[in-house]
Amino acid sequence: MATTEETFTLAALQTAEGIASSLWPRYGRVSATLRPIRIDSLKTVQNVVQQSHLQRVQAAVDCWIAQGRPLFPPLSATTSGSAGVLVDLTDTGELMIIDGVHRCLAARNRGRHELLVTIFTPRRPLPPPGRLLSLANVEVSPEPTDLMPIRDQLDGSLFRPGSRIAADLEAAFALS
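In UniProt numbering, the protein residues as written are 1 to 176.
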């Protein structure tokens, strides 16, 4: 019988492969790796987050910390927001959060310094779509916030991959 750590590692590898294949239509060949990264080294183009959403994520973080569980394990990639953080290695070598700004802020607010993140690297990295900010410069707003266009899809729609990738992964795991 596999230990929890072995199961977590296997799930992480399967998830990285799933993310790489999910991104293929948009980016072509990409590599996806899972690495622990210092939260303060991550950048974002999102300058405002919604307070109520951040509070919900912080409540989940509090529960996971109390239970001694890893934060945002890749296997629990669900549309409920418990998926791991997805990061893009930009053409300047910076780590830009593609999906998971609220999760990074919640973990940082609870004293965590590192998170296991999925870093995807396109064959030809793209420049950031806007000015990159450190997480310390992200404001919290009580009002609903508009989603930032992280990367444009080919059809011009907003590229927020977390939910789509999570749905693809859930379908793949349900079939296996």
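Ideal placement from N, C-alpha and C gives every residue a C-beta, glycine not left out.
Run through DSSP, which three-state label would Leu133 get? Position 133 of the sequence shown, counting from 1, holds the residue named residue 133. Leu133 sits in a strand when the DSSP states are folded into three classes.
Suppose contacts are defined by Cβ-Cβ distances below 8 Å. Is Leu105 in contact with Leu54 by that definition? Start at 1 with the first residue of the sequence shown, and residue 105 comes out as number 105. Start at 1 with the first residue of the sequence shown, and residue 54 comes out as number 54. For the 8 Å CB-CB criterion, Leu105 and Leu54 form a contact.
Count the other CB atoms, across all protein chains shown, that sit within 10 Å of the CB of Gly68; report buried if there are 16 or more and exposed otherwise. Within the sequence shown, the letter at position 68 stands for residue 68. Under this definition Gly68 is an exposed residue.
Excluding the 5 residues preceding and the 5 following Ile39 in the sequence, name in chain order all residues of the same chain whose CB lies nearer than 7 Å to its CB. Here residue 39 corresponds to residue number 39 of the sequence shown, with the count starting at 1. For Ile39, where only same-chain residues beyond five positions count, the Cβ hits under 7 Å are Cys104, Ala107, Arg108, Arg112, His113, Glu114, Leu115 and Leu135.
Are the CB atoms of Val101 and Thr44 nearer to each other than 8 Å? Counting from one through the sequence shown, the residue named residue 101 turns up at place 101. Counting from one through the sequence shown, the residue named residue 44 turns up at place 44. It is a contact, given that the beta carbons lie within the stated cut-off.
Contacting residues, own chain, Cβ-Cβ under 8 Å from Asp155 (five flanking each side not counted): Within the sequence shown, the letter at position 155 stands for residue 155. Bear in mind that a pLDDT of 39 at Asp155, under 50, signals an unreliable position, so the number given afterwards is only what the model happens to contain. Sequence-distant Cβ neighbours of Asp155 in its own chain, meaning closer than 8 Å and more than five residues away, do not exist here.
Quick check: is the beta carbon of Ser134 nearer than 8 Å to any beta carbon in chain C? Absence of chain C from the displayed structure is noted, only one protein chain being present.
Taking the alpha-carbon positions, what's the Val61 to Ile97 distance? Along the sequence shown, read from residue 1 onward, the residue named residue 61 stands at position 61. Along the sequence shown, read from residue 1 onward, the residue named residue 97 stands at position 97. Distance between the alpha carbons of Val61 and Ile97: 18 Å.
How about Leu126 and Thr90: are their beta carbons less than 8 Å apart? The residue you call residue 126 lines up with position 126 of the sequence shown. The residue you call residue 90 lines up with position 90 of the sequence shown. It is a contact, given that the beta carbons lie within the stated cut-off.
Given a cut-off of 8 Å on the beta-carbon distance, is the pair Arg110 and Arg29 in contact? Against the sequence shown, residue 110 aligns to sequence position 110. Against the sequence shown, residue 29 aligns to sequence position 29. No, Cβ-Cβ distance for Arg110 and Arg29 is not below 8 Å.
Are Ser31 and Thr118 close, meaning C-beta to C-beta below 8 Å? In the sequence shown, residue 31 corresponds to position 31, counting from 1. In the sequence shown, residue 118 corresponds to position 118, counting from 1. Contact flag unset, no.
If you drop the 5 nearest sequence neighbours on each side, which residues of the same chain put their C-beta closer than 7 Å to that of Pro144? As a position in the sequence shown, residue 144 is number 144, starting the count at 1. The residues Gln50, in chain order, have a CB closer than 7 Å to that of Pro144 in the same chain once the five nearest residues on each side in sequence are set aside.
In angstroms with no decimal places, state the Cα-to-Cα distance between Asp88 and Leu95. Here residue 88 refers to the residue found at position 88 of the sequence shown. Here residue 95 refers to the residue found at position 95 of the sequence shown. Their Cα atoms are separated by approximately 6 Å.
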